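Taking numbering that gives the first Met the number 0, the leading residue of the sequence shown gets 0, the next gets one more, and so forth.
Note that beta-carbon positions come from the ideal geometry of N, C-alpha and C, so glycine has one too.
Small disclaimer: the values here were computed from a predicted structure and weren't measured.
In what follows, a structure is listed as structure tokens, so that the remarks can point back to it.
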Amino acid sequence: MLILGIETSCDDTGVAILEADRAGCFNVLANIVASQIEVHKKYGGVYPFLAKREHQKNLPITFKRAFKKAGIFEKDIDLTAVTSGPGLEPCLWVGVTFAKDLAKKLNVPLIPVNHIESHILVNFLDKKNIIFPAICLVVSGGHTQLILMRGIGNYKILGETRDDAAGECFDKCAKLLGLGYPGGPIISKLAQGQTSKNIFPRPMMHTKDYDFSFSGLKTAVLYYLQKNKNQNKKQMAVEVQRAIIDVLLKKTIKATKDYRAKTIILGGGVSANAELRKQFKKAIKNDLYGFLPNGKNPYATNFLVPPTNLSTDNALMATICAYFHRTKKIAPSKLKANANLRID
Ligand code: KG4
Ligand code: ZN
Numbered sequence: 000m001l002i003l004g005i006e007t008s009c010d011d012t013g014v015a016i017l018e019a020d021r022a023g024c025f026n027v028l029a030n031i032v033a034s035q036i037e038v039h040k041k042y043g044g045v046y047p048f049l050a051k052r053e054h055q056k057n058l059p060i061t062f063k064r065a066f067k068k069a070g071i072f073e074k075d076i077d078l079t080a081v082t083s084g085p086g087l088e089p090c091l092w093v094g095v096t097f098a099k100d101l102a103k104k105l106n107v108p109l110i111p112v113n114h115i116e117s118h119i120l121v122n123f124l125d126k127k128n129i130i131f132p133a134i135c136l137v138v139s140g141g142h143t144q145l146i147l148m149r150g151i152g153n154y155k156i157l158g159e160t161r162d163d164a165a166g167e168c169f170d171k172c173a174k175l176l177g178l179g180y181p182g183g184p185i186i187s188k189l190a191q192g193q194t195s196k197n198i199f200p201r202p203m204m205h206t207k208d209y210d211f212s213f214s215g216l217k218t219a220v221l222y223y224l225q226k227n228k229n230q231n232k233k234q235m236a237v238e239v240q241r242a243i244i245d246v247l248l249k250k251t252i253k254a255t256k257d258y259r260a261k262t263i264i265l266g267g268g269v270s271a272n273a274e275l276r277k278q279f280k281k282a283i284k285n286d287l288y289g290f291l292p293n294g295k296n297p298y299a300t301n302f303l304v305p306p307t308n309l310s311t312d313n314a315l316m317a318t319i320c321a322y323f324h325r326t327k328k329i330a331p332s333k334l335k336a337n338a339n340l341r342i343d
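So, in structure tokens, the structure goes:
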């Protein structure tokens, strides 16, 4: 089965082609992403209508490139997948409209996919026999959610950010520090080899719920920079990064223990962060391994995190998600973009 995926939920235009055999083994034929970083860089953030225009321009080109890379023809496609939400509404509509027209033209099933679920299921590309329940942390530019997953399609949002997303906090702090856009990868690079002195607050780290709040951290950085001029940017980078990671880690480990989860799954752009991955591996080894009284059945031995190029937005994750939901086709005339689509 050949699945075509289209992703335009934010500022990356993605087209992917995935081959899935009867046993559920995947073969990636193409995964092309056209980034809009150059366009949004000068504004330090994504402008939805500018992003929409770029998607309209880039999608047909990216589509052609994907088929060329895969070495197949449109008529070979068995199923079309598209991200229908959550995301920036004008952007989502570009992909949704394109996919509807294509599904009609090729007369193939159209499967709408949830962007958050796609960030989780991309981890299933080469993994099977995942042990549930799992705790999923999806951290991107638009979302920060802690999700209890009892199986594919069975999700409960345990907590989420009350204001800024973790990626948004990276991006806004980078802007305050006069670094470029997107801030996450730049901060991550600058922070390498630095040690944090823990000067910034860890908002909501010790609350009993699973919610997050990152806008206070951004404000703390702003006030600190106003009071303390000419700060070393590398030191500031590690301070911001460590404050964000500490909160994400603490709440994820708490949820894993509370729900006796067997697996931790990360996804979303921020999960590309090297220090975050390192700290998760360390915490799982130190805090979770052997947590059960008999010590024989450590319950969080599984840690899934995508390769960095699949942490950030791409269309391959949409094809994988569609594979698992391949029976849930929708009539093209009924499909709508939904900026606030929920996973549970
Ligand atoms: O998932 P994604 O590509 O798009 C959304 O769905 O929002 O996530 C983009 C976010 C941006 O905020 C970016 O700064 C952040 O992910 N990001 C990172 C890293 N790479 C991307 N944050 C921290 N460290 C990174 N290495
Ligand atoms: Zn995303």
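message: With distance defined between alpha-carbon atoms, name the residue in THR326, GLY268, LEU287, LYS335 nearest to ILE119.
response: GLY268
task: Can you grab the Cα-Cα spacing for the pair LYS333 / GLU159, in whole Å?
output: 30 angstroms
message: Let's test the definition: count the other Cβ atoms within 10 Å of the Cβ of LYS228 and tell me whether it reaches 16, buried, or not, exposed.
response: So LYS228 ends up on the exposed side.
task: Can you give me the Cβ contacts of ARG325 inside the same chain, cut-off strictly under 6 angstroms, excluding the 5 residues immediately before and after it?
output: So the list is empty, once near-sequence residues are dropped.
- request: Return the bridge partner residues of ASP11 from the DSSP annotation.
  value: SER34
message: So, under 8 angstroms CB-CB, THR12 and LEU58 are touching, yes? Tell me the CB distance rounded to an integer number of Å.
response: About 5 angstroms; that satisfies the 8 angstroms criterion.
- request: Could you tell me the distance, in whole angstroms, from the CA atom of ASN296 to the CA atom of LEU101?
  value: For ASN296, the predicted model reports a pLDDT of 46, less than 50, meaning its position is unreliable; a value from the coordinates is still stated below. One C-alpha to the other measures close to 49 angstroms.
message: Suppose contacts are defined by Cβ-Cβ distances below 9 angstroms. Is LEU1 in contact with ASP75 by that definition?
response: yes
field: For GLU88 and ALA336, believed in contact at Cβ under 8 angstroms, the rounded distance
entry: With a Cβ gap of about 6 angstroms, ALA336 and GLU88 count as contacting.
- request: Please determine if the stretch 300 to 314 and the stretch 119 to 128 are in contact, where contact requires at least 3 C-beta pairs separated by less than 8 angstroms.
  value: yes
- prompt: For GLY266, which residues does DSSP report across the bridge?
  reply: VAL137
- request: Would you tell me roughly how many angstroms separate the C-alpha atoms of THR79 and SER270, rounded to the nearest one?
  value: The straight-line gap from Cα to Cα measures roughly 27 angstroms.
- request: Under 6 angstroms Cβ to Cβ from ALA321, same chain only, skipping five residues before and after it: list those, please.
  value: Result list for ALA321: ILE2, ALA80, ILE110, VAL112, in chain order.
query: If you count every other CB in all the chains shown that lies within 10 Å of the CB of ARG149, and 16 or more means buried, which is it?
result: Label assigned to ARG149: exposed.
field: Same chain, Cβ closer than 7 angstroms to PRO331, neighbours up to 5 away in sequence not counted
entry: Within the same chain, PRO331 has close Cβ partners LYS99, ALA102, LYS103, LEU109.
- prompt: What does PHE211 pair with, by DSSP beta-bridge criteria?
  reply: THR160
message: Going by the DSSP bridge assignment, what does LEU3 pair with across the sheet?
response: Checking the DSSP bridge columns, you'll see LEU3 partnered with ILE16, THR79.
- prompt: Do MET203 and VAL239 have their C-beta atoms within less than 9 angstroms of each other?
  reply: no
query: Going by DSSP, which residues form a beta bridge with ASN113?
result: GLY84
field: Limits of the alpha helix (DSSP H) - the one that LEU309 falls within
entry: 307 to 310
- request: Give me the Cβ distance between PHE97 and ILE5, rounded to the nearest whole Å; I'm assuming they're in contact under 8 angstroms.
  value: 6 angstroms
field: Pocket of the ligand ZN defined by Cβ to heavy atom distance under 5 angstroms
entry: SER139, ASP312
- request: Determine which residues share a DSSP beta bridge with GLN144 and list them.
  value: VAL137, GLU159
- prompt: When burial is assigned at 16 or more other CB atoms within 10 Å of the CB, is GLN144 buried or exposed?
  reply: buried
- request: Please go through the same chain and pick out, in chain order, the residues whose beta-carbon is closer than 6 angstroms to the beta-carbon of PHE169, but skip the five residues on each side of it.
  value: Excluding sequence neighbours, PHE169 sits near GLY182, GLY183, ILE186.
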